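Undergrad: Under full-length UniProt numbering, the first residue of the sequence shown carries the number 1, and numbering increases by one thereafter.
Okay, here's the structure, questions in a sec.
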Amino acid sequence: MLSIIDVIEDTTVDGPGFRTAIYAAGCPNACPGCHNPESWDINRGRAMSTDELLDKVMSDDFANVTFSGGDPMFQPEGFTELARAIKTRSGKNIWCYTGYKFENILNNPRQAAMLNYIDVLVDGKYQQALRDENLLFRGSANQRLIDVKASLKRNKVVPFEYNPFL
Ligand code: SF4
């Protein structure tokens, strides 16, 4: 079971193209200026099963998927199971937003398992002083768009290069 704040279908803001965005409840990061402080308490979410979320994702043939929050890495087992099921059933790409840094996730086996099914990780806490509205798909300049597969392969952070024409 996962604790979920909301599921928004066909959003275009949390990654490229149309996406099914799943907003996790629960976040330990307490970033000043957080866009969604009501998501911090994991008990404020609705309990949803992996199957229920998978059905929602699969009901849209064209939308890709974004995990956001809250912080999906705060419920790593549930989101890993969901991401694995999505990848088993489809070719959908998965973006994941998290306040944890890639390097720290790698050192936490509970969280690192999810990386095997994530295409792009947007990492790092939101920092109000580095806020920039012109940044693509992220709120502050310290946050990184990371190509997870390439990063795992080369054992170093490889930035994701967004090409709007692909
Ligand atoms: S990681 Fe995101 S949801 Fe959590 S406190 Fe920071 S901005 Fe808010």
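Built from N, CA and C at the ideal position, the CB exists for glycine as well.
All values reported here derive from a predicted model rather than from experimental measurement.
(1) Taking all protein chains shown into account, do 16 or more other C-beta atoms lie within 10 angstroms of the C-beta of GLY139, making it buried, or fewer, making it exposed?
(2) For PRO72, does the three-state DSSP call read helix, strand or coil?
(3) Give a yes or no on contact between the segment 23–33 and the segment 86–96, applying the rule of three or more CB pairs nearer than 8 Å.
(4) Out of ILE5, PRO32, THR20, point me to the one whose CA is closest to GLN128's CA.
(5) Among all the DSSP beta bridges, which residues are the ones paired with PRO159?
(6) How would you write the range of the alpha helix (DSSP H) that LEU106 sits in, first residue to last?
(7) From ASN163 to ARG46, what distance separates their C-alpha atoms?
(8) Which value, in whole angstroms, describes the spacing of the CA atoms of GLU161 and THR50?
TA: Let me lay it out:
(1) buried
(2) helix
(3) no
(4) PRO32
(5) ILE146
(6) 102–106
(7) 36 Å
(8) 30 Å
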